[in-house]
Amino acid sequence: MTLLPLQVAAIALIRDRTVLMVTARGREVHYMPGGKIDPGETAAQAAAREAHEEVSLTLDPSALEELFEVRTLAHGQEEGRMVHMRVFRARTDAVPVPSAEVGALHWVTTADADRC
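Everything in the sequence shown is counted per UniProt numbering, starting at 1 for the first residue and increasing by one.
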């Protein structure tokens, strides 16, 4: 049986040549704020919703700029399950605040890529 790929969306908030990443409570792996796209939701709407849920940013989905899509094996899922992640650039001067599900915020550079 072929598993359908997970459809997810994420936010890339870039400032001063760094990008915002988060870690979940009790985890060390960095990831961009984001999550699964809900039924009836566009990828941009999902990215904006997840940004609000994870880092308290209020973003207009129509103002998000799609940067790229990643297609890879899904981490922590059934063997062979794929994830399709659409990444959107967010432009805001608002200060991100971690939610209860987020352990910490990290502004990272390419030197931190091994943590992602």
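Even glycine gets a Cβ: it sits at the ideal position worked out from N, Cα and C.
Can you list, in chain order, the residues of its chain with a C-beta nearer than 8 Å to that of Thr23? Leave out the 5 residues immediately preceding and following it. Position 23 of the sequence shown, counted from the start, is the residue given in the question as residue 23. The answer, listed in chain order, is Val29, His30, Tyr31, Val102, Gly103, Ala104 and His106.
With distances taken between CB atoms, is the gap from Val8 to Gly35 smaller than 8 Å? If you number the sequence shown from 1, residue 8 lands on position 8. If you number the sequence shown from 1, residue 35 lands on position 35. Their beta carbons are under 8 Å apart, which means Val8 touches Gly35 by this criterion.
Take Leu13 as the anchor and find which of Ala94, Gly76, Ala111 and Ser99 has the nearest alpha-carbon. Residue 13 sits at position 13 when you count from the first residue of the sequence shown. Closest by alpha carbon: Ala94.
Which residues in the same chain as Glu53 place their Cβ atom closer than 7 Å to its Cβ, once the five residues preceding and following it in sequence are excluded? For the purposes of this step, residue 53 is taken as the residue at position 53 of the sequence shown. Within the same chain, Glu53 has close Cβ partners Ser99.
Along the chain, which unbroken stretches of the alpha helix (DSSP H) at least 4 residues long are found entirely within the UniProt domain "Nudix hydrolase" (4 to 116)? 43 to 55
Between the alpha carbons of Leu67 and Ala90, how many angstroms are there, rounded? By one-based count along the sequence shown, residue 67 stands at place 67. By one-based count along the sequence shown, residue 90 stands at place 90. Their Cα atoms are separated by approximately 10 Å.
Please check the pair Val55 and Val97, which I expect to be a contact at CB under 8 Å, by giving their CB distance rounded to whole angstroms. Residue 55 sits at position 55 when you count from the first residue of the sequence shown. Residue 97 sits at position 97 when you count from the first residue of the sequence shown. Contact flag correct, Cβ pair sits at about 6 Å.
Just to confirm my understanding: we take Pro5, look at its own chain, exclude 5 residues before and 5 after, and list those with CB closer than 8 Å. What are they? Counting from one through the sequence shown, the residue named residue 5 turns up at place 5. Cβ neighbours of Pro5 beyond the five flanking positions: Arg71, Ala74, Arg81, Met82, Val83 and His84.
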